[in-house]
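Student: In numbering that gives the first Met the number 0, the protein residues as written are 0 to 594. Note that CB positions come from ideal geometry on N, CA and C, so glycine has one too. Since we're looking at a predicted model, the values are computed, not measured.
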Amino acid sequence: MQEYTTPSTLTVGDDVTTITRIQDLRRNNPTLPVFKRLGDSGHWLNVTALQFAEEIDAVAKGLIASGVEPGDRVAILSSTRYEWSLLDYAIWRTGATTVAIYETSAPDQVDWILTDSGTKVLVVENADQRTKHAEVIATAGDLRETLVIDEGAIAELRKRGAEVPDSALDEREAGSRSSDAATLIYTSGTTGRPKGVVLTHANFIAECAAVRDSVGPGLAEGKSTLLFLPLAHVFARVVAVGCMENGVVLGHTNDLPNLVENLGVFQPHYVLSVPRVFEKVYNSARQKAIDGGKGSIFDKAADTAIEYSRALDTGGPGLVLRLKHAVFDKLVYGKLRAALGGRCEAAVSGGAPMGERLGHFFRGVGIPVFEGYGLSETTAAVTANNIEHSRIGSVGRPVPGVTAAIAEDGEVLLRGPVVFTGYWKNDQATADAIRDGWFHTGDIGRLEDGYLYITGRKKELIVTAGGKNVSPAQLEDTIRAHPMVSQCLVVGDQKPFIGALLTIDAEAAPGWLERNGLPADTSMEDLATNAVLRAEFEEAVASANAKVSAAEQIKKFDVLATDFTIDTGELTPTMKLKRNVIHDTYKQAIADLYT
0 MQEYTTPSTL TVGDDVTTIT RIQDLRRNNP TLPVFKRLGD SGHWLNVTAL
50 QFAEEIDAVA KGLIASGVEP GDRVAILSST RYEWSLLDYA IWRTGATTVA
100 IYETSAPDQV DWILTDSGTK VLVVENADQR TKHAEVIATA GDLRETLVID
150 EGAIAELRKR GAEVPDSALD EREAGSRSSD AATLIYTSGT TGRPKGVVLT
200 HANFIAECAA VRDSVGPGLA EGKSTLLFLP LAHVFARVVA VGCMENGVVL
250 GHTNDLPNLV ENLGVFQPHY VLSVPRVFEK VYNSARQKAI DGGKGSIFDK
300 AADTAIEYSR ALDTGGPGLV LRLKHAVFDK LVYGKLRAAL GGRCEAAVSG
350 GAPMGERLGH FFRGVGIPVF EGYGLSETTA AVTANNIEHS RIGSVGRPVP
400 GVTAAIAEDG EVLLRGPVVF TGYWKNDQAT ADAIRDGWFH TGDIGRLEDG
450 YLYITGRKKE LIVTAGGKNV SPAQLEDTIR AHPMVSQCLV VGDQKPFIGA
500 LLTIDAEAAP GWLERNGLPA DTSMEDLATN AVLRAEFEEA VASANAKVSA
550 AEQIKKFDVL ATDFTIDTGE LTPTMKLKRN VIHDTYKQAI ADLYT
């Protein structure tokens, strides 16, 4: 069995938890900025280590006064905001366990999570969330109380805890261990009922140290990043904890429609995101150029950036390519960097495959995107590219302390201190996932010089009627690079050929309609059948087909008038396709591809 290990000397002491770091800062570096909060004036204001530690204590005392005991589960259902992190650390300060729930979760999902976890206290973001889940809240057997952030939950907890002595917190801290459960993160449920992944304080601390040592000096004291991913997702959660562990200043925003504008104001040193956001940045920049009559310049600039990046891996760019790159740096690349605040040194992408072309584009414009790989069960990243060791197209080498291996059937196996020890109250699922000391990821991949390449997922492999195994990810990623494509689902299991369903990006549609002389109020139904748009989509499909064998190529596709969304249950909160749901919802459209 092929395997590769990146060694580590890290040991996590039994008495070390995620609270240890903030306590050290309180004593030794109390004025260090650890967060930035957006004030009423629109300016970002520093929160020091001492201020945060004192806020943690006040809220933790309120939780103790509310009856929260060590080991109890306290759930947070909210978008990404400062209060999420404050509550998370306050829960840990009491010795309790945070249950993370996506703000987009449906009532039946919330019902399962609250019931399965035995949550005692639930904190929701606003009155709408409380109303949406009112029936679930009323029937959750172990739930004693629901608090609402926008209705003064933090102030209420501070008030309740006013009489709780500091000694109560000291007792909780003394009784906490690195092996205690820090959080339950429920799998996004692309198939089946979500399982509660138990991550310990030791898992978090090992992950934060491994990522710091892997990514390098970017995640260092005094640097900053703006977090906009959902904190219920393991990637965002590790970003939040990792910033605290490594002294990186963290800001929060849930204003996704104005994300690029917010990045420009915040001026992060690092951007950490999922591939779909980088796709959106690229597509939006290209669309803006096209709308301004400079589409051809942008396309030439993009091709040059990609060519320049590829040349870095093959001896370096020649004189002519360097000159072209310098010209486009003034015309295009500099504006892209400025849009991200002008201080962005690099970016980290995780959660899904990004695609080689996009990776080369961003490196070529001066913003290298270090792609990594991980799961909830591995406390986020288990492999990552970095400045010293990077191969675009791969997800990097194992982070320190992790061993990656490839089983005989191609499945990626993992072990190390960041790997979880089991699912919450689900021994069978744990036994299925962890066998012979290895975590079986369900992903298919290969190792080359220690670099891991993810080529598909076992459960997502399509087997055509002719017996050809097809991984849909590469085809879907390439097609989604088109600015007007929102989502792509490749189908063909037990069918005579590969087909696809494409959806239209509603944000890009207005500009496309204007450029093509069509009314602004053109319906999505009319747009889906528009001959010009379909011709563009045919080019995108042809581009994807050029990268695979004839048996893997898409022979027929259709354009849907409706998009796949989180609200309709067709996407996970991290924008992954829920293939079984889409297959059921659009079974007629899929059937029509084969008639």
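1. What does the Cβ neighbour count give for Asp426, buried or exposed, with the cut at 16 atoms within 10 Å?
2. Let me check understanding here. Comparing Cα to Cα, which of Arg25, Val417, Lys293 and Glu344 lies closest to Lys222?
3. Give me the Cα-Cα distance between Glu410 and Val381, rounded to the nearest whole angstrom.
4. Taking the straight line between their C-alpha atoms, what separation do you get for Val398 and Arg236?
5. Considering Cα atoms alone, identify which of Val248, Gly263 and Glu569 is closest to Val46.
6. Classify Val67 as helix, strand or coil using the three-state DSSP reduction.
7. Gln486 by DSSP, collapsed to three states: which one?
8. Under 8 Å Cβ to Cβ from Ile391, same chain only, skipping five residues before and after it: list those, please.
9. Could you give the DSSP three-state label for Phe361: helix, strand or coil?
10. Is Ser175 near Thr16, with beta carbons less than 7 Å apart?
11. Terminal residues of the continuous beta strand (DSSP E) containing His251?
12. What residue range is occupied by the uninterrupted alpha helix (DSSP H) comprising Arg236?
13. Confirm, please, whether the CB-CB distance from Ala337 to Val259 is below 7 Å.
14. Take every Cβ of the segment 57-74, pair it with every Cβ of the segment 89-105, and state whether three or more of those distances are shorter than 8 Å.
15. Could you tell me whether the segment 254-274 touches the segment 44-63, using the rule of 3 or more Cβ pairs below 8 Å?
16. Give me the Cα-Cα distance between Ser84 and Gly341, rounded to the nearest whole angstrom.
17. If you follow the alpha helix (DSSP H) that Asn544 is part of, which residue opens it and which one closes it?
18. Less than 6 Å between C-beta atoms, sequence neighbours within five positions excluded: which residues of the same chain meet that for Ala603?
19. Smallest Cα separation from Val196: which of Gly400, Val547 and Ser375?
20. What residue does the alpha helix (DSSP H) around Thr382 start on, and which one ends it?
21. Gly61 by DSSP, collapsed to three states: which one?
22. Between Thr130, Asp520 and Gly61, which lies nearest to Arg159 when the distance is taken from Cα to Cα?
23. Comparing alpha-carbon positions, which option in Asp115, Thr118 and Val147 lies nearest Thr130?
24. Using only CA atoms, which one of Val233, Val462, Ile204 and Ala507 lies nearest to Leu9?
25. By DSSP, does Ile310 sit in helix, in strand, or in coil?
26. Identify every residue that forms a DSSP beta bridge with Ile184.
27. Tell me, which residues are paired with Gln1 by DSSP?
28. Under 8 Å Cβ to Cβ from Ala310, same chain only, skipping five residues before and after it: list those, please.
29. Taking Asn282 as part of the alpha helix (DSSP H), name the residues at either end of that continuous run.
30. With a CB to CB cut of under 6 Å and the five nearest residues on each side skipped, what residues in its chain are close to Arg143?
31. Just to check my reading of the structure: Val558 and Leu501 have Cβ atoms closer than 8 Å, yes? What is that Cβ distance to the nearest angstrom?
32. In chain order, which continuous runs of the alpha helix (DSSP H) of length 4 or greater are located wholly inside the segment 481-527?
33. Is Ala300 closer than 7 Å to Val331 when the C-beta atoms are compared?
34. By the three-class DSSP mapping on this structure, what secondary structure does Ile366 have?
35. Per DSSP, which one or two residues make a beta bridge with Lys555?
36. Look at Thr138 and Leu121 and say whether their C-beta atoms are less than 7 Å apart.
Tutor: Walking through what the data contain:
1. A residue is called buried once 16 or more other Cβ atoms fall within 10 Å of its Cβ, and Asp426, having fewer, is exposed.
2. Of the candidates Arg25, Val417, Lys293 and Glu344, the one whose C-alpha sits nearest the C-alpha of Lys222 is Glu344.
3. Approximately 15 Å between the Cα atoms of the pair.
4. Each residue's alpha carbon lies about 18 Å from the other.
5. Ranking the options by Cα distance to Val46, first place goes to Val248.
6. DSSP, read as helix, strand or coil, puts Val67 in coil.
7. Strand at Gln486.
8. Non-local C-beta neighbours of Ile391 in its own chain, meaning closer than 8 Å and more than five positions away in sequence, comprise Ser308, Asp312, Glu355, Gly358, His359, Arg362, Glu370 and Asn384, ordered along the chain.
9. In the structure shown, Phe361 adopts helical secondary structure according to DSSP, grouped into three states.
10. Yes, they are a contact pair.
11. Unbroken beta strand (DSSP E) run through His251: Val248 to His251.
12. Start and end: Val233 to Asn245.
13. Judged by their CB atoms, Val259 and Ala337 are not nearer to each other than the 7 Å cut-off.
14. Touching, yes, given that three or more Cβ pairs across the two stretches are closer than 8 Å.
15. At 8 Å Cβ cutoff, the stretches do not touch.
16. Straight through space, the alpha carbons of Gly341 and Ser84 are spaced by roughly 27 Å.
17. Per DSSP, Asn544 belongs to the alpha helix (DSSP H) from Ala530 to Asn544.
18. Any answer about residue 603 is impossible in this case: the structure gives the chain only from 0 up to 594.
19. Out of Gly400, Val547 and Ser375, Ser375 has the C-alpha closest to the C-alpha of Val196.
20. Boundaries around Thr382 are those of the beta strand (DSSP E), Ala379 to Ala383, since no alpha helix (DSSP H) includes it.
21. The answer is helix: DSSP assigns Gly61 an H, G or I state.
22. When the alpha-carbon of Arg159 is set against those of Thr130, Asp520 and Gly61, the nearest one is in Gly61.
23. When each option's Cα is compared against that of Thr130, the closest is Val147.
24. Considering only alpha carbons, the answer is Ile204.
25. It is Ala, not Ile, that sits at residue 310 in the sequence shown. In this structure, Ala310 counts as helix in the three-state DSSP scheme.
26. Looking at the DSSP output, Ile184 bridges to Ala99 and Val196.
27. Partner(s): Ile405.
28. Hits under 8 Å: Pro316, Gly317 and Leu320.
29. Element bounds for Asn282: Pro274 to Asp290.
30. Answer for Arg143: Lys119, listed in chain order.
31. Right, the Cβ-Cβ distance comes to about 5 Å (below 8 Å), so this counts as a contact.
32. For the segment 481-527, the continuous alpha helix (DSSP H) assignments of 4+ residues that do not extend past its boundaries occur at 508-514 and 523-527, in sequence order.
33. In this structure, Ala300 lies closer than 7 Å to Val331 by Cβ.
34. Ile366 falls in the coil class under three-state DSSP.
35. Note: Lys555 sits in a beta bridge opposite Gly498.
36. Judged by their CB atoms, Thr138 and Leu121 are not nearer to each other than the 7 Å cut-off.
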